[in-house]
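A.B. asks: Encoded as structure tokens, here's the structure I'll be asking about.
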Ligand code: G3P
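Numbering (the working numbering), first residue to last: 124 to 337.
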């Protein structure tokens, strides 16, 4: 499972790219707003340090508007992927963009049916929002498992990005469910490196090494 970061904050991305763990980035209008900057300005900075793709979301809700925004965004940097909401106009836009060789990430996916439609319209990625399903006590693990399984059965190449991740359990369980990618917020990535036994063990090793230096 590849790790993407779910943030619009350039410093945070650079920090985890330095760790060597981040392959791509996803953003959305809420995350860009938190950065206090505009999308056109922040996307090139986000895209520069990452090897993989950067998802930038359209705000239009009609096909023609989405396509226009997508064309503009895809001119900013080469590795941008257009994030399109899972609505009927969005599917139409995915189809048009596929024909233009522009990659898409269909977002706000909450069901198998939506995932299938997005894939058949030609989406490069689908993003089930597992945290929001967990919030309403829906079986988010099953949804990811089922989408991955069904895509495999039918030879669908669309990749699954597990999104709306809130904690380490979400990461671990979508990894076992077979998601190709998890897009993870900074605070969860920071929590993933920590274990009290690692700190305790290291402290002991350093103390023992120190005792041999006398
Ligand atoms: O990748 C989707 C994500 O940004 C949404 O997360 O926490 O707002 O449900 P959240």
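All residues carry an ideal CB built from backbone N, CA and C; glycine is no exception.
Which term fits residue 131, buried or exposed, when burial requires 16 or more other beta carbons within 10 angstroms of its beta carbon?
C.D. replies: Label assigned to residue 131: buried.
A.B. asks: Exposed or buried, what is residue 334 when buried is set at 16 or more other beta-carbons lying within 10 Å of its beta-carbon?
C.D. replies: Classification of residue 334: exposed, given that the 10 Å Cβ count is below 16.
A.B. asks: Would you check if the distance between the CB atom of residue 166 and the CB atom of residue 307 is smaller than 8 Å?
C.D. replies: Not in contact: residue 166 and residue 307 (Cβ atoms no closer than 8 Å).
A.B. asks: Any chance the region 207–216 sits against the region 178–196, with 3 or more Cβ pairs inside 8 Å?
C.D. replies: Yes, they touch.
A.B. asks: Select from 282, 187, 133 the residue whose C-alpha is nearest the C-alpha of residue 157.
C.D. replies: The shortest Cα separation from residue 157 among 282, 187, 133 belongs to 133.
A.B. asks: According to the Cβ coordinates, are residue 231 and residue 209 closer than 8 Å?
C.D. replies: For residue 231 and residue 209, yes; Cβs fall inside 8 Å.
A.B. asks: In the structure shown, what three-state DSSP assignment does residue 245 receive?
C.D. replies: Coil, per DSSP.
A.B. asks: Does the beta carbon of residue 153 come closer than 8 Å to any beta carbon on chain E?
C.D. replies: In summary, chain E is missing from the structure at hand, where a single protein chain is found.
A.B. asks: What is the rounded straight-line gap between the Cα of residue 190 and the Cα of residue 163?
C.D. replies: Using only the alpha carbons, I get a separation of about 16 Å.
A.B. asks: Could you spell out where the beta strand (DSSP E) holding residue 282 opens and where it closes?
C.D. replies: 282–285 is the extent of the beta strand (DSSP E) around residue 282.
A.B. asks: Pick helix, strand or coil for residue 149, following the three-state DSSP scheme.
C.D. replies: Residue 149: strand per DSSP, three-state reduction.
A.B. asks: Pull up the DSSP beta-bridge partners for residue 129, would you.
C.D. replies: Answer by DSSP bridge pairing, in chain order: 149.
A.B. asks: Is it true that the CB of residue 128 sits closer than 8 Å to the CB of residue 281?
C.D. replies: In this structure, residue 128 does not lie closer than 8 Å to residue 281 by Cβ.
A.B. asks: In this structure, does DSSP put residue 261 in helix, strand or coil?
C.D. replies: Residue 261 falls in the coil class under three-state DSSP.
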